[in-house]
Amino acid sequence: MKGQETRGFQSEVKQLLHLMIHSLYSNKEIFLRELISNASDAADKLRFRALSTPDLYEGDGELRVRVSVDKENRTLTLSDNGIGMRRDEVIENLGTIAKSGTKAFLESLGSDQAKDSQLIGQFGVGFYSAFIVADKVTVRTRAAGAAPEEGVFWESAGEGEYTIDDLTKADRGSEITLHLREGEDEFLDSWRVRNIISKYSDHIALPVEIETKDEESDTTSWEKINKAQALWTRNKAEVSDEEYNEFYKHIAHDFSDPLAWSHNRVEGKQEYTSLLYIPARAPWDMWNRDHKHGLELYVQRVFIMDDAEQFMPNYLRFVRGLIDSNDLPLNVSREILQDNRITQNLRSALTKRVLQMLDKLAKDDAEKYQQFWSEFGLVLKEGPAEDHANQQAIARLLRFATTSSEGATQTVSLEEYVSRMVEGQEKIYYITADSYAAAKSSPHLELFRKKGIEVLLLSDRIDEWMMSYLTEFDGKAFQSVSKADETLDKLADEENEAQKEAEKALEPFVDRVKSLLGERVKEVRLTHRLTDTPAIVTTDANEMSTQMAKLFAAAGQAAPEVKYIFELNPDHALVQRAADTQDEARFAEWVELLLDQALFAERGTLEDPNQFIRRMNQLLLA
Numbered sequence: 016m017k018g019q020e021t022r023g024f025q026s027e028v029k030q031l032l033h034l035m036i037h038s039l040y041s042n043k044e045i046f047l048r049e050l051i052s053n054a055s056d057a058a059d060k061l062r063f064r065a066l067s068t069p070d071l072y073e074g075d076g077e078l079r080v081r082v083s084v085d086k087e088n089r090t091l092t093l094s095d096n097g098i099g100m101r102r103d104e105v106i107e108n109l110g111t112i113a114k115s116g117t118k119a120f121l122e123s124l125g126s127d128q129a130k131d132s133q134l135i136g137q138f139g140v141g142f143y144s145a146f147i148v149a150d151k152v153t154v155r156t157r158a159a160g161a162a163p164e165e166g167v168f169w170e171s172a173g174e175g176e177y178t179i180d181d182l183t184k185a186d187r188g189s190e191i192t193l194h195l196r197e198g199e200d201e202f203l204d205s206w207r208v209r210n211i212i213s214k215y216s217d218h219i220a221l222p223v224e225i226e227t228k229d230e231e232s233d234t235t236s237w238e239k240i241n242k243a244q245a246l247w248t249r250n251k252a253e254v255s256d257e258e259y260n261e262f263y264k265h266i267a268h269d270f271s272d273p274l275a276w277s278h279n280r281v282e283g284k285q286e287y288t289s290l291l292y293i294p295a296r297a298p299w300d301m302w303n304r305d306h307k308h309g310l311e312l313y314v315q316r317v318f319i320m321d322d323a324e325q326f327m328p329n330y331l332r333f334v335r336g337l338i339d340s341n342d343l344p345l346n347v348s349r350e351i352l353q354d355n356r357i358t359q360n361l362r363s364a365l366t367k368r369v370l371q372m373l374d375k376l377a378k379d380d381a382e383k384y385q386q387f388w389s390e391f392g393l394v395l396k397e398g399p400a401e402d403h404a405n406q407q408a409i410a411r412l413l414r415f416a417t418t419s420s421e422g423a424t425q426t427v428s429l430e431e432y433v434s435r436m437v438e439g440q441e442k443i444y445y446i447t448a449d450s451y452a453a454a455k456s457s458p459h460l461e462l463f464r465k466k467g468i469e470v471l472l473l474s475d476r477i478d479e480w481m482m483s484y485l486t487e488f489d490g491k492a493f494q495s496v497s498k499a500d501e502t503l504d505k506l507a508d509e510e511n512e513a514q515k516e517a518e519k520a521l522e523p524f525v526d527r528v529k530s531l532l533g534e535r536v537k538e539v540r541l542t543h544r545l546t547d548t549p550a551i552v553t554t555d556a557n558e559m560s561t562q563m564a565k566l567f568a569a570a571g572q573a574a575p576e577v578k579y580i581f582e583l584n585p586d587h588a589l590v591q592r593a594a595d596t597q598d599e600a601r602f603a604e605w606v607e608l609l610l611d612q613a614l615f616a617e618r619g620t621l622e623d624p625n626q627f628i629r630r631m632n633q634l635l636l637a
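Dropping the structure here:
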């Protein structure tokens with residue numbers, strides 16, 4: 016026995032408590048939902064552990080959560096007979112927040128309380144929500160299987176510290192007593208408490224009971240409030256939208272309604288029920304490597320594990336929900352799931368279900384789909400590389416800004432792009448760049464503007480990598496406008512006699528440039544793809560692109576040197592001036608300037624910007 020001790024909260028807990036009490040006060044009733052949800056989880060964990068150790072039930076297998084109100088002492092008490100906690104678990108669960116990136120997340124919160132409440136809601140406040148309405152919280156708990164004298168007492172006023180002590184508790188589970196603040200009398204009203212529980216906890220499979228008193232006989236009894244039937248086992252027609260929304264908030268620990276959901280029961284070769292949700296907002300830690308994702312797994316309505324990532328590919332890691340299988344064994348582990356044929360079949364079916372759900376959302380509600388895209392588009396872009404079998408279905412869900420867009424957020428689907436292709440256009444043209452502005456203003460687009468051909472503008476870091484896997488859509492090949500290609504030459508070459516004469520006259524100039532630059536460029540040639548720009552650099556179809564080389568560099572990997580083709584616009588005044596320059600030193604300065612300009616436009620950086628500025632100033636003063 017370790018006796019009584021006073022311990023300080025982890026600094027993140029103190030910060031979260033302060034923010035939560037002030038930010039969530041307008042929606043304070045959610046503390047009941049959070050505490051009942053925790054009790055439900057404790058019951059699920061006990062059911063699962065009791066599969067292999069039935070003695071944990073201690074002769075009491077009827078799991079439930081009970082709520083009682085004591086007006087005289089101004090307390091509200093929730094008790095469950097779930098798994099309970101040992102002393103070290105109490106310290107870990109009630110004194111610290113064991114989530115990666117917690118500190119950075121809390122530091123990112125500002126002073127906008129409405130925004131903070133949404134973010135804290137995504138974070139999942141759980142037990143600490145009790146302090147929204149209570150100025151003191153007392154917990155009495157004992158782990159299933161532990162001796163009665165191994166109970167634990169915990170108490171805190173939610174400020175800087177908490178007290179922990181030994182306790183003798185005859186029954187397993189946890190009892191949480193909230194000592195309500197002044198002004199929180201509504202939570203001492205049994206009818207008000209009953210209504211809140213009905214609103215938030217009808218979908219929970221665990222019976223939630225409230226204490227009722229018979230004034231005449233002075234006896235108390237327990238009355239079940241909720242349906243206590245697992246929502247996913249009910250007929251779809253019987254479940255309201257509000258119930259689906261509340262169930263999502265229960266499993267996702269999110270405060271916002273989901274964008275869409277799909278509830279399906281499948282019978283036949285495999286028997287399972289799935290309930291899948293698309294959240295409205297990305298979780299705060301979605302890009303954290305330790306971010307937990309995946310579905311809750313039930314086998315024959317028995318909870319097995321949460322965050323079972325084996326049922327959903329990584330590019331759909333934002334999907335929340337559950338799967339209840341009749342085919343998997345009750346003693347299934349993560350290792351067995353990894354190599355299980357049933358798991359692979361379920362993963363394939365659930366992946367298709369999510370893609371169909373997203374396709375339906377895109378067709379039925381463009382505004383909602385745009386909201387989804389702005390939150391999760393970057394994650395979905397991992398799909399074409401990760402899931403070749405569903406590549407075309409994923410491609411239909413992708414959205415792109417184009418040269419016809421009015422801004423980076425106005426996007427089109429590939430189906431819309433293909434429907435607008437001009438007569439004779441054979442390929443889907445795109446450009447990758449570091450930013451939307453850089454893509455939109457690229458000299459590579461001059462020919463396409465002249466011809467009225469739309470080009471996809473790709474400016475996310477992942478885009479170049481994605482396009483190396485996504486090679487065609489609807490039978491049309493993708494073509495980067497910064498790579499050499501015969502269709503681009505065909506678009507540019509409007510052969511006429513005057514053009515041929517001009518090119519012939521400039522052959523000696525092209526040879527001079529080649530001789531000057533030597534091995535620094537792959538080739539020097541004239542181009543008719545440009546209207547306002549004197550020169551560009553392009554890469555061969557089989558050469559690594561500029562953006563891909565940048566990706567390698569950002570990842571700390573050595574990339575092969577990109578060898579560019581230097582293309583000069585014979586109609587541009589600066590090219591003509593360079594061609595007319597007889598002085599070799601001055602000629603070299605003009606060629607170097609034109610090459611640096613082209614490289615700068617392509618890469619966004621130069622190896623020696625000072626030399627570029629000096630050369631430009633020198634030529635301006637000449």
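Sequential numbering from 16 applies to the sequence shown in this note's numbering.
Here a beta-carbon is modelled for each residue, glycine too, at the ideal position from N, C-alpha and C.
This one's a predicted model, so the numbers in the text were calculated from it and none came from an experiment.
Inset, instruction - From the DSSP output, in three-state form, read off alanine 113 for me. - result: The count along the sequence shown starts at 1 and reaches residue 113 at position 98. Below a pLDDT of 50, predicted positions are generally treated as unreliable, and alanine 113, at 47, falls in that range; the measurement from the model is reported next regardless. In the structure shown, the three-state DSSP call for alanine 113 is coil.
Inset, instruction - Excluding the 5 residues preceding and the 5 following methionine 611 in the sequence, name in chain order all residues of the same chain whose CB lies nearer than 7 angstroms to its CB. - result: As a working note, residue 611 is residue 596 in the sequence shown. Residue 611 is actually aspartate in this sequence, not methionine. Closer than 7 angstroms at Cβ, skipping near neighbours: Leu621 and Phe627.
Legend entry - isoleucine 443 and alanine 507 closer than 9 angstroms at C-beta: What you label residue 443 is simply residue 428 of the sequence shown in a count that begins at 1. What you label residue 507 is simply residue 492 of the sequence shown in a count that begins at 1. Result no, Cβ atoms of isoleucine 443 and alanine 507 do not sit closer than 9 angstroms.
Legend entry - Nearest residue (CA-CA) to valine 528, options Leu541, Thr546 and Ala517: Along the sequence shown, read from residue 1 onward, the residue named residue 528 stands at position 513. Checking every option, the nearest Cα to that of valine 528 belongs to Leu541.
Legend entry - Length of the line joining the Cα atoms of histidine 218 and serine 420: On the sequence shown, residue 218 is found 203 positions in, with the first residue counted as 1. On the sequence shown, residue 420 is found 405 positions in, with the first residue counted as 1. Those two C-alpha atoms are separated by around 44 angstroms.
Legend entry - Close Cβ partners of asparagine 341 (< 7 angstroms) along its chain, the five nearest in sequence each way excluded: For the purposes of this step, residue 341 is identified with residue 326 of the sequence shown, where counting begins at 1. So the list reads Glu286, Tyr287 and Gln315, once near-sequence residues are dropped.
Inset, instruction - My understanding is that leucine 274 touches proline 294, with C-beta atoms under 8 angstroms, so please give their C-beta distance in whole angstroms. - result: Here residue 274 is taken as the residue at index 259 of the sequence shown, counted from 1. Here residue 294 is taken as the residue at index 279 of the sequence shown, counted from 1. Rounded, the Cβ-Cβ distance is 7 angstroms, consistent with contact.
Legend entry - Residue span of the beta strand (DSSP E) that contains tyrosine 287, given as start and end: In the sequence shown, the residue the question calls residue 287 occupies position 272. For tyrosine 287, the enclosing beta strand (DSSP E) starts and ends at 287–293.
Inset, instruction - Assign aspartate 233 to buried or exposed, taking buried as 16 or more other Cβ atoms, counted over all protein chains shown, within 10 Å of its Cβ. - result: In the sequence shown, the residue the question calls residue 233 occupies position 218. With fewer than 16 Cβ atoms within 10 Å of its Cβ, aspartate 233 is classed as exposed.
Legend entry - Classification of glutamine 137 by the beta-carbon crowding that lies within 10 angstroms, buried from 16 upward: Locating residue 137 in the sequence shown gives position 122, counting from the first residue. Confidence in glutamine 137 is poor, its pLDDT being 46 and thus under 50, which makes the residue's placement unreliable; the coordinate value appears in the next sentence. Here glutamine 137 is buried: its Cβ has 16 or more other Cβ atoms, across all protein chains shown, within 10 Å.
Legend entry - 9 angstroms Cβ cutoff met for leucine 642 and leucine 221: The structure shown does not extend to residue 642, since the chain is modelled only from 16 through 637, so no value can be given for it.
Inset, instruction - Mind checking which residues open and close the alpha helix (DSSP H) that includes asparagine 13? - result: For residue 13 there is no data in the structure shown, the boundaries of the chain being 16 and 637.
Inset, instruction - Report the residue from Ser83, Asn53, Met563 and Gly99 whose alpha carbon sits nearest the alpha carbon of alanine 267. - result: To locate residue 267, count along the sequence shown from 1; it is residue 252. Ranked by how close their Cα comes to the Cα of alanine 267, the residues Ser83, Asn53, Met563 and Gly99 have Asn53 in first place.
Legend entry - Residues that DSSP places opposite isoleucine 98 in a beta bridge: Numbered from its first residue, the sequence shown carries residue 98 at position 83. Paired residue(s): none; isoleucine 98 is not in a bridge.
Inset, instruction - State the DSSP-derived secondary structure class of phenylalanine 262, mapped to helix, strand or coil. - result: The sequence position of residue 262 within the sequence shown is 247, counting from 1. Taken through DSSP and simplified to helix, strand or coil, phenylalanine 262 comes out as helix.
Inset, instruction - Please classify alanine 515: is it buried, with 16 or more other beta-carbons within 10 angstroms of its beta-carbon, or exposed? - result: On the sequence shown, residue 515 is found 500 positions in, with the first residue counted as 1. Here residue 515 turns out to be lysine, not alanine, going by the sequence shown. Only exposed fits lysine 515, as fewer than 16 other CB atoms lie within 10 angstroms of its CB.
Legend entry - Residue range of the alpha helix (DSSP H) that includes leucine 610: Taking the first residue of the sequence shown as 1, we reach residue 610 at position 595. For leucine 610, the uninterrupted alpha helix (DSSP H) run begins and ends at 599–618, by DSSP.
Inset, instruction - Could you say which of Val536, Asp598, Lys17 and Ala600 lies nearest to lysine 578 if we only look at CA atoms? - result: The sequence position of residue 578 within the sequence shown is 563, counting from 1. If you compare the alpha carbons of Val536, Asp598, Lys17 and Ala600 with that of lysine 578, the shortest gap goes to Val536.
Legend entry - For isoleucine 357, the first and last residue of its enclosing beta strand (DSSP E): Within the sequence shown, the letter at position 342 stands for residue 357. Taken as a continuous stretch (DSSP letters only), isoleucine 357 belongs to no beta strand (DSSP E), being part of the alpha helix (DSSP H) at 356–379.
Legend entry - Bridge partner(s) assigned by DSSP for arginine 194: In the sequence shown, counting from the first residue as 1, residue 194 sits at position 179. The question names arginine, but residue 194 is histidine in the sequence shown. In the DSSP assignment, the residues bridged to histidine 194 are Thr90 and Lys151.
Legend entry - Extent of the continuous alpha helix (DSSP H) to which glutamate 238 belongs: The residue given as residue 238 occupies position 223 in the sequence shown. Careful: glutamate 238 lies outside any alpha helix (DSSP H), inside the beta strand (DSSP E) at 234–239.
Inset, instruction - Please check if any C-beta of chain C sits within less than 9 angstroms of the C-beta of phenylalanine 493. - result: In the structure shown, chain C cannot be found, because there is only a single protein chain.
Inset, instruction - Could you name the residues of the same chain whose beta carbon sits closer than 7 angstroms to that of leucine 310, not counting the 5 residues immediately before and after it, in chain order? - result: Walking along the sequence shown from the start, residue 310 turns up at place 295. Cβ neighbours of leucine 310 beyond the five flanking positions: Ala323, Phe326, Met327, Gly336, Leu337 and Ile338.
Legend entry - Check whether alanine 252 and valine 394 have beta carbons under 9 angstroms apart: Within the sequence shown, residue 252 is the residue found at index 237, counting from 1. Within the sequence shown, residue 394 is the residue found at index 379, counting from 1. Not closer than 9 angstroms, so no.
Legend entry - beta strand (DSSP E) segment containing threonine 14, residue limits: For the chain, the structure presents residues 16 to 637; residue 14 sits outside this window and is missing.
Inset, instruction - Using the Cα positions of arginine 618 and threonine 447, report the straight-line distance between them to the nearest angstrom. - result: The sequence position of residue 618 within the sequence shown is 603, counting from 1. The sequence position of residue 447 within the sequence shown is 432, counting from 1. Near 11 angstroms, if we compare the C-alpha coordinates of threonine 447 and arginine 618.
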